[in-house]
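The structure appears right after this line, and notes come after that.
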Amino acid sequence: ELGAVVADAGLDSMQVYSLDTGHGRMPRADELETYFCDILDDLPIKAVLSTHQSVGYWLQVDALRRLVDRYDNIIGINVTNPDIAYLIRVIDAVGDRIEIHVGGAMQGLTALALGANGFLTSEANLAPKLTQSVIDRWSAGDLHGAADAFARVLRLYAAMAAVGGVSGTKAALNQLGLP
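Letter by letter, the sequence shown follows residues 145 to 323 of the working numbering.
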């Protein structure tokens with residue numbers, strides 16, 4: 145139902161988060177795959193899967209590969225996970241067929257160097273041109289420029305972390321009169 149609302153709103157895709165069963169319970173591998181299949185079977189738009197540390201686990205790489213093999217409407221995976229080895233396994237498994245982004249600014253350049261397509265960061269709400277310039281400069285082969293821009297994004301991240309992280313970012317947006 146949410147996918148239909150998103151499609152009716154004119155969006156091209158939506159992020160599908162990992163299953164959060166609550167109370168610290170981690171779903172079995174077959175439950176996770178069923179969860180994603182139930183959604184993807186009827187999703188009227190493209191999907192970006194999320195494997196996010198906030199639910200206490202990350203999706204098994206073999207399951208991600210099977211889902212990407214089965215569903216043409218999966219266009220990306222957002223990997224929010226401090227484990228670089230996991231990121232490498234995801235990129236190696238499906239990165240040649242779909243886009244891979246990391247959640248948070250900290251792994252941005254590392255992810256690009258490994259073959260990912262970009263990074264998600266709430267700081268982009270405050271400095272969209274700066275954040276986009278990291279990707280633009282990387283893509284143009286301007287590694288020094290990408291590193292310089294990325295260092296400024298990370299300094300903005302550190303400043304926001306000092307005042308509450310995402311809450312600080314939202315407060316700054318509010319002060320600027322932005323949504």
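Glycine residues also receive a C-beta, built at the ideal position from the N, C-alpha and C atoms. Note that the structure is a prediction, hence the values are computed from the model and not measured.
Coil, strand or helix - I232 by DSSP: Here residue 232 is taken as the residue at index 88 of the sequence shown, counted from 1. The DSSP-derived three-state label of I232 is helix.
query: By a C-beta neighbour count over all protein chains shown, 10 Å radius and 16 as the cutoff for buried, is N318 buried or exposed?
result: Along the sequence shown, one-based indexing puts residue 318 at 174. Per the 10 Å Cβ criterion, exposed.
field: At least 3 beta-carbon pairs within less than 8 Å: the segment 152–166 vs the segment 174–183
entry: Contact check between the segment 152–166 and the segment 174–183: three or more CB pairs, one atom from each, fall below 8 Å, which counts as touching.
task: Output the distance between the C-alpha atoms of V238 and L322, rounded to the nearest integer angstrom.
output: Here residue 238 refers to the residue found at position 94 of the sequence shown. Here residue 322 refers to the residue found at position 178 of the sequence shown. One C-alpha to the other measures close to 37 Å.
message: Within the continuous alpha helix (DSSP H) that includes G183, where are the two ends?
response: Here residue 183 refers to the residue found at position 39 of the sequence shown. Note on identity: in this sequence residue 183 is Ile, with Gly being the wrong assignment. 173–186 is the span of the alpha helix (DSSP H), which, as asked, contains I183.
query: Closest by CA to F294, which one among T313, L320, G262, S311?
result: Within the sequence shown, residue 294 is the residue found at index 150, counting from 1. It is G262 whose Cα lies nearest to the Cα of F294.
task: Can you give me the Cβ contacts of I219 inside the same chain, cut-off strictly under 8 Å, excluding the 5 residues immediately before and after it?
output: Position 75 of the sequence shown holds residue 219. Excluding sequence neighbours, I219 sits near S157, K190, A191, V192, I242, E243.
message: In this structure, how does DSSP classify A191 when only helix, strand and coil are distinguished?
response: As a working mapping, residue 191 is identified with position 47 in the sequence shown. In the structure shown, A191 sits in a strand (DSSP, three-state: E or B).
task: Look at the alpha carbon of A306 and the alpha carbon of Y215, and state the distance between them as a whole number of angstroms.
output: Within the sequence shown, the letter at position 162 stands for residue 306. Within the sequence shown, the letter at position 71 stands for residue 215. About 41 Å.
task: Please state whether DSSP places M250 in a helix, a strand or coil.
output: Looking up residue 250 in the sequence shown gives position 106. For M250, the secondary structure class from DSSP, reduced to helix, strand or coil, is coil.
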